[in-house]
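Counting from 21, one number per residue, gives the positions in the sequence shown under our numbering.
Backbone N, C-alpha and C fix where the C-beta goes; we use that ideal spot for every residue, glycine too.
To start, the structure under review is shown below, and the notes come after it.
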Amino acid sequence: MSSRKREPEGQKLPPYVGEDGRLYFNFAQGLEVLIRERSPGTTNVFDEYTYKITACRYIGGTEYYDVEQNGIAKPAPDSANRVKYLISRYGVKTLYTGMRLELPLTVEEVQRYYENIERVFDTSYATAMLIPEYKAIRAELTKTACKIGYAEAYHRLTEAAELEARQEELQTQAENILRAHYINPDDLKITPRCERCGGKGFDVFGICCCAERQRDKIKAYNAAERLRLRRLINN
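And the structure:
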């Protein structure tokens with residue numbers, strides 16, 4: 021096995037963007053390459069060995085790879101930069117191509133998704149409040165919610181039930197008005213802010229559980245955005 025010192029890491033290698041707009045590891049799991057590099061301190065003596073990626077990891081925003089040399093696992097993973105350096109400079113032949121894996125959810129994807137939710141809400145709310153009928157119904161909904169609270173506090177259950185029915189009618193009317201003005205009612209639904217991350221989707225410890233629960237939705241949104249930007253650039 022080679023004991024050659026590592027080259028400087030340089031700038032972090034960005035993830036690979038697939039045709040579907042999703043982020044993938046730059047190198048495939050199972051990729052196996054024949055490496056041939058000059059032995060240290062020699063001019064015409066070469067070390068030849070197989071270099072195989074056995075696992076892909078994404079740690080702290082950087083790709084790392086568990087690798088084997090001649091079937092023996094290296095004690096520490098190689099970064100994406102290290103893999104690229106070895107294969108591009110000393111790779112002789114690809115023995116197996118392997119399978120490219122999708123990256124796990126990234127902080128950048130979470131941040132873009134949550135920022136977009138807030139941006140869409142702010143824009144939709146500002147537009148909706150310019151509609152007199154919607155603004156009036158919103159005011160009535162607020163009053164009705166207060167009345168329901170009082171009725172329940174004094175155990176006037178029949179009155180509370182009637183007010184809740186009225187509340188549903190008003191909510192339906194409000195949603196119909198929004199749709200008539202090409203506003204998606206879902207864009208104005210307020211979800212409780214996560215206590216752990218404060219509604220950002222991540223904190224100092226990494227991606228929050230509230231974002232992990234929406235992994236597929238966040239991944240799909242970011243993939244669609246990358247494809248949209250790609251089309252804009254190509255046009």
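Residue i and residue j closer than 8 Å at C-beta
| i | j | result |
| --- | --- | --- |
| Arg186 | Gly41 | no |
| Gln89 | Tyr69 | yes |
| Leu208 | Ala148 | yes |
| Glu52 | Lys72 | yes |
| Val65 | Tyr85 | no |
| Val130 | Ala231 | yes |
| Leu183 | Ala171 | yes |
| Glu122 | Tyr44 | yes |
| Tyr134 | Gly221 | yes |
| Leu54 | Lys94 | no |
| Tyr154 | Leu198 | yes |
| Tyr105 | Glu57 | no |
| Ile168 | Ala156 | no |
| Arg213 | Asp223 | no |
| Arg235 | Leu125 | yes |
| Ile20 | His201 | Because the chain here runs from 21 to 255, residue 20 falls outside it and cannot be looked at. |
One or two residues paired with residue i in a DSSP bridge
| i | result |
| --- | --- |
| Glu259 | The question about residue 259 has no answer, for the chain in this structure spans 21 to 255. |
| Val37 | Leu43 |
| Gln49 | Met119 |
Local conformation of residue i per DSSP, three classes
| i | result |
| --- | --- |
| Arg199 | helix |
| Ala194 | helix |
| Gly111 | strand |
| Met149 | coil |
| Thr74 | strand |
| Glu128 | helix |
| Gln31 | coil |
| Glu88 | strand |
| Thr164 | helix |
| Phe141 | helix |
| Lys25 | Confidence at Lys25 is low in this model, with a pLDDT of 45, below 50, so the placement of that residue is unreliable and no value is reported for it. |
| Ala96 | coil |
| Leu249 | helix |
| Thr82 | strand |
| Ile227 | strand |
Burial state of residue i (16 or more Cβ within 10 Å)
| i | result |
| --- | --- |
| Ile227 | buried |
| Cys229 | exposed |
| Pro97 | buried |
| Pro28 | For Pro28, the pLDDT reaches just 45, beneath the cut-off of 50, and the residue's location in the model is therefore unreliable, leaving the point undetermined. |
| Asn242 | buried |
| Thr164 | buried |
| Ile203 | buried |
| Glu83 | buried |
| Ala244 | exposed |
| Ala166 | Sequence inspection shows Cys at residue 166; the Ala mentioned does not correspond to that position. That one is exposed. |
| Phe47 | buried |
| Lys239 | buried |
| Pro35 | buried |
| Gly38 | exposed |
| Gly118 | buried |
| Ala173 | exposed |
| Ala100 | buried |
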